[in-house]
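Here's the structure we're looking at; comments come further down.
There are 2 protein chains.
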Amino acid sequence: MADLKSSFNPLFLREEDLRDGMELLFFAYRDFLEEADQVLARHKLGRAHHRALYFIGQHPAITVSGLLKLLRITKQSLSRVLADLVTLGMIEQTPGLRDRRQRHLALTAKGIEVERDLTAQQRALLARAYRQTGAEAVDGFRKVLLGLITEGDRRAMMARRDQAAESEQPVPARARVGRAGL
Amino acid sequence: MADLKSSFNPLFLREEDLRDGMELLFFAYRDFLEEADQVLARHKLGRAHHRALYFIGQHPAITVSGLLKLLRITKQSLSRVLADLVTLGMIEQTPGLRDRRQRHLALTAKGIEVERDLTAQQRALLARAYRQTGAEAVDGFRKVLLGLITEGDRRAMMARRDQAAESEQPVPARARVGRAGL
DNA sequence: TCATATATGTCAACGTGGCTGACTTAAAAT
DNA sequence: ATTTTAAGTCAGCCACGTTGACATATATGA
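Chains as they are written, first to last, in the numbering used here: chain W, 2 to 183; chain L, 2 to 183.
Now the structure itself:
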């Protein structure tokens, strides 16, 4: 698919279409973030807390520097957020076994609960968009987004996905569908 | 395509996949913004200036309140940015003809130049992602993003697209491809 | 073992870009 | 004539990013 040179597809590479895509990305991201904002206000947390909770939840036992690389912010910025979350009892830090300088981060039960609360509407919104547009569109969505992200993170994402696929092979195929809950 | 009920597609609606999509969106947006950041620094502008320049460029003669609706910020926030851009000679304000309370915003020649400079790398990045993934993926990308945005803006986007398509019918098909410049 | 590099944390100061609230002005709409 | 709307302004505040300078514990390599 997609031999560029041969395609007369007007959707391709015209500046207007690129700008259209940029604008869609802006609106989508704006509205996606807004889904969590009232919940954040309720918990008296900011978006930075949300991001930290999210990534710690997604990458259990991630180290501080690992988290810094994902978020691309300075450790001074992150440390404020992490201090808050520790104080609120939402995350825990445990020293690394192999390398005791590291701090491995994990959500507490409370952290898990808050994180789920924060992303619930976002997941619902994304699920609705996925449902409305179909598996093929979702696949394209993912591919283009992957194409936008940096080499390193792209490889990390793809590796994680492969790994997840492997660890599911022993599970009977039925189980995989059964989990659909949104 | 995409009858959800009948599909055994494991990509669909599992929480893990939704979270995967959320993360991709985050990374893509993060990296997309970063493309413009050095240029912004060079011009001594902030991201808020970029957004204003972009949307004024995309929506010529937009009013202040129109811009406020797109950006979803307060007029106090916007006014700082607009004041800067006027001072720098990048935008111009002209009173409305029908309604003289309104200020219609437009980029000056300098504003156009700076805006193009700001989005150049972003357009190149998006173009690369589009090229790599193909027309079908791009279509899915757009559909899912449209599904994420609010009713009002979604309709506005689709209307604009339809209108653009109409206004191009008189143009010979060849010309449409010829413009591809990235 | 000693020197260096790394992982983390901390203090201080600052900039951007959001926000609320209060109030003004001009013009449109009823 | 009154009310509503579009825009602007002043003031103060907050979240969250930044730089820079240092401190500490641990790991690692010569």
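Think of the CB as a built atom: it goes at the ideal place given N, C-alpha and C, for glycine as much as any other residue.
Item	Value
Would you list the residues sitting across from Ala107/W in a DSSP beta bridge?	Glu93/W
So is Leu46/W in contact with chain L if we call contact Cβ pairs under 7 Å?	no
What does Ser64/L touch in chain W if you count any residue whose Cβ is under 8 Å from its own?	Looking at the sequence shown, residue 64/L is not Ser but Thr. What Thr64/L touches in chain W: nothing, since even the nearest Cβ is about 18 Å away.
Given a limit of 8 Å on CB to CB distance, which residues of the segment 105 to 129 of chain L reach chain W?	Thr120, Gln123, Arg124, Leu126, Leu127, Ala128, Arg129
Does the CB of Asp163/L have a neighbour CB from chain W at under 7 Å?	no
With 7 Å as the threshold, decide whether the Cβ of Ala160/W is near any Cβ in chain L.	no
Just list the alpha helix (DSSP H) runs in the segment 37 to 76 of chain L, keeping only unbroken ones of 4 residues or longer that don't cross its boundaries, in chain order.	48 to 59, 65 to 72
Counting contacts by CB-CB distance shorter than 7 Å, is Gly148/W in contact with chain L?	yes
Could you check what DSSP says for Gly112/W in three-state terms: helix, strand or coil?	helix
Three-state secondary structure (DSSP) at Arg180/W?	Because the pLDDT of Arg180/W is 29, which lies under 50, any placement of that residue in the model is unreliable, and the question is left without a value.
Please confirm whether Asp154/L has its beta-carbon closer than 7 Å to some beta-carbon of chain W.	yes
Whose Cβ in chain W lies nearer than 7 Å to the Cβ of Lys144/L?	Thr134, Ala138
So, do the segment 112 to 128 of chain L and the segment 113 to 132 of chain W have three or more beta carbon pairs nearer to each other than 8 Å?	no
Is the CB-CB distance between Ala37/W and Val82/W below 7 Å?	no
Using a Cβ-Cβ cut-off of less than 7 Å, give me the residues of the segment 33 to 45 of chain L that come near chain W, in sequence order.	Phe33
What is the rounded straight-line gap between the Cα of Leu86/W and the Cα of Leu26/W?	30 Å
Is Gly148/L helix, strand or coil by DSSP?	helix
Nearest chain W C-beta to Gly90/L closer than 7 Å, yes or no?	no
Find the residues of chain W that neighbour Thr151/L, judging by a C-beta separation of less than 7 Å, and give them in chain order.	Asp32
With a cut-off of 7 Å, does the C-beta of Ser7/W fall near any C-beta of chain L?	Legend: pLDDT at Ser7/W = 38, less than 50; position of this residue unreliable, value from coordinates given subsequently. Taking Cβ atoms only, chain L never reaches closer than 7 Å to Ser7/W, which makes this a no.
Please decide whether Ala157/L counts as near chain W, where near means a Cβ-Cβ distance under 7 Å.	no
Tell me the start and end of each unbroken beta strand (DSSP E) in the segment 117 to 163 of chain L that is at least 3 residues and wholly inside, in chain order.	none
Please list, in chain order, all residues of the same chain as Phe56/W whose beta carbon is under 8 Å from its beta carbon, the five residues on each side excluded.	Ile63, Leu68, Leu71, Leu72
Just the chain L side, please: which residues come within less than 7 Å of Ala29/W by C-beta, in chain order?	Leu146, Leu149, Ile150
In chain order, what residues of the segment 11 to 26 of chain W put their CB closer than 9 Å to some CB of chain L?	Pro11, Leu12, Phe13, Leu14, Arg15, Glu16, Glu17, Asp18, Leu19, Arg20, Asp21, Gly22, Met23, Glu24, Leu25, Leu26
At 8 Å on the CB atoms, spell out the chain W contacts of Gly67/L, in chain order.	By Cβ distance, chain W contributes nothing, its closest Cβ being about 14 Å from Gly67/L, past 8 Å.
Just to confirm, is the Cβ distance from Val145/W to Ala138/L under 7 Å?	yes
Going straight from the alpha carbon of Leu162/W to that of Gly22/L, what length do you get?	The question names Leu, but residue 162/W is Arg in the sequence shown. Arg162/W and Gly22/L: Cα-Cα distance of roughly 11 Å.
Among Thr75/L, His60/L, Arg99/L, Arg31/L, whose alpha-carbon lies nearest the alpha-carbon of Ile92/L?	His60/L
What residues in its chain sit with their C-beta under 7 Å from that of Tyr131/W, if we drop five residues either side in the sequence?	Val139
Evaluate Thr134/L with the Cβ neighbour count: other Cβ atoms within 10 Å of its Cβ, from every protein chain shown; 16 or more gives buried, anything less gives exposed.	buried
Under a CB-based cut-off of 7 Å, is Gly141/L close to chain W?	yes
In three-state terms, what does DSSP make of Arg20/W?	helix
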